[in-house]
Amino acid sequence: MISPNFYSRFKCIANTCKHSCCCGWEIDVDEDTVDYYRGIDGDLGKKLDENIICENDEYHFRLTEEERCPFLRQDGLCEIILDLGEDGLCDICALHPRFYFFCRPDQSIKKISDQEETDSSEDQEILDEIEFGGLGLSCEEVTRLLLSESRPLLFIDDSETTFGMSRILTMLGCDPNAIKEYKPDVSEKRIDRILKIFSKTEPIDDDWIRMMDELHTNMSIGEKCSKKIKDFDALKYQRIYDYILYRQLERLPDHEIKTLADYAEACCDFIFICSSVYGDLAESVRRFSEQIEYSTENVDIIIDSL
Ligand code: SF4
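Last residue of the sequence shown? That's 305 in numbering that gives the first Met the number 0, and every number before it is there in order.
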């Protein structure tokens, strides 16, 4: 598997996390875990029984009125982990914030279709797939890890070889020159366009609506962006750009690499605007990811608007 080189350093910061992933999201519970929870006795078993809802044959935890997972204690610790250990978590909780996807190099796509007429073996397809893994930026600890270094973002494979984004694009049969050297465009026209595009996305909460209204009516936004560009951290933004692009590689070959590069650029422009206005780069990245990267529909809206 290929993953960013900070992947193995990730550790959930649990009760010190300010934006816990156990709040605000509906958490699906897989059937195997539901079966396992049904065999749990005592107070925890009773609470699990009362707080797992089945809707349309799918299970999820019943959120509290404050939209928190019912097992998230006020001190920020998880009751399930405390009682059953990490092995007691359902698949989604055990996986988050990790993501995985497979990509086939252009070359092997051709190889497979060449073969189809004579040999429909699926082994060839599996052999040629490359597995990619990563950590989602909606998690503040992941954002911290991404921004903790001011040097080019590196990825690592199972043989512990490290390389950059251009090598990944080459592996996938894409033009490595598609990767842009990110630099924000702070022209009034571009800021206006970026805000219009991001306003079209489906809001995940009321705070997003409020923030977009505020940005649209902020008369000094251009001035703030022009001021911020003077101390623009090119290396950090390039890491953000590369990582945003990396996460969307699974959209190959349905999208051209150039389209995905344009998407990553637009997302970085949006992050730059937010960080210029609100002054917090890490939170701007996290908030962007929460709103966009966890919704296929929202990613599509941005790509289709470019
Ligand atoms: S958002 Fe990240 S650090 Fe915070 S609770 Fe979730 S996994 Fe842990």
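Idealized CB from N, CA, C, for every residue including glycine. As the structure is a prediction and not an experimental result, all values here were calculated from the model.
A direct Cα-Cα distance of roughly 6 Å separates G133 from P3. Taking the Cβ of I12 as the reference point, at least one heavy atom of ligand 1 falls within a distance shorter than 6 Å.
Annotation: the continuous alpha helix (DSSP H) that includes H215 extends over 205-216.
Per DSSP, Y236 is one residue of the alpha helix (DSSP H) stretching across 233-246. A distance below 7 Å separates the beta carbons of D29 and D90. For K227, same chain residues with a beta-carbon under 6 Å away, outside a window of 5 residues either side, are S275 in chain order.
Not one heavy atom of ligand 1 sits closer than 6 Å to the Cβ of S225. Shown here for E296: same chain residues with a beta carbon closer than 7 Å to its own, the five before and five after excluded, namely E201 in chain order. C20 has its Cβ nearer than 6 Å to a heavy atom of ligand 1.
Judged by DSSP in its simplified three-state form, P3 adopts strand.
A residue is called buried when at least 16 other Cβ atoms come within 10 angstroms of its Cβ; K195 does not meet this threshold and is exposed.
Within the model, the alpha-carbon separation for D191 versus E78 is close to 46 Å. Segment contact: the segment 146-159 against the segment 237-254, three or more CB-CB distances shorter than 8 Å; contact assigned. DSSP places T161 within a strand segment (E or B) once states are collapsed to three.
Here I91 carries a helix assignment [DSSP, helix/strand/coil]. At least 7 Å separates the beta-carbon of S288 from that of L94.
In the three-state scheme derived from DSSP, where H, G and I count as helix and E and B as strand, V28 is classed as strand. In its chain, beyond the 5 residues on either side, T142, L146 have a beta carbon closer than 6 Å to the beta carbon of A281. E140 has its Cβ nearer than 6 Å to a heavy atom of ligand 1.
In the structure shown, the three-state DSSP call for F9 is coil. For I301, the enclosing alpha helix (DSSP H) stretches over residues 295-304. Between Y262 and I302, the C-beta spacing is below 7 Å. Between the segment 252-267 and the segment 209-219 there are fewer than three inter-stretch CB-CB distances shorter than 8 Å, so the stretches are not counted as touching. Inclusion of C16 in the 6 Å shell around ligand 1 follows from its C-beta lying nearer than that to a non-hydrogen atom of the ligand.
A buried status is given to I26, since no fewer than 16 other beta-carbon atoms sit within 10 Å of its beta-carbon. With fewer than 16 other Cβ atoms inside 10 Å of its own Cβ, M218 counts as exposed. The three-state secondary structure of F271, taken from DSSP, is helix.
Collapsing the DSSP output to three states places F70 in coil. The Cβ-Cβ distance between C267 and Y236 falls below 7 Å. Judged by DSSP secondary structure, C16 falls outside any beta strand (DSSP E); it is assigned neither H nor E. Within its own chain, the residues whose Cβ lies closer than 7 Å to the Cβ of I39, once the five positions on either side in sequence are excluded, are L47, listed in chain order. Relative to the non-hydrogen atoms of ligand 1, the Cβ of P96 comes within a distance shorter than 6 Å of at least one.
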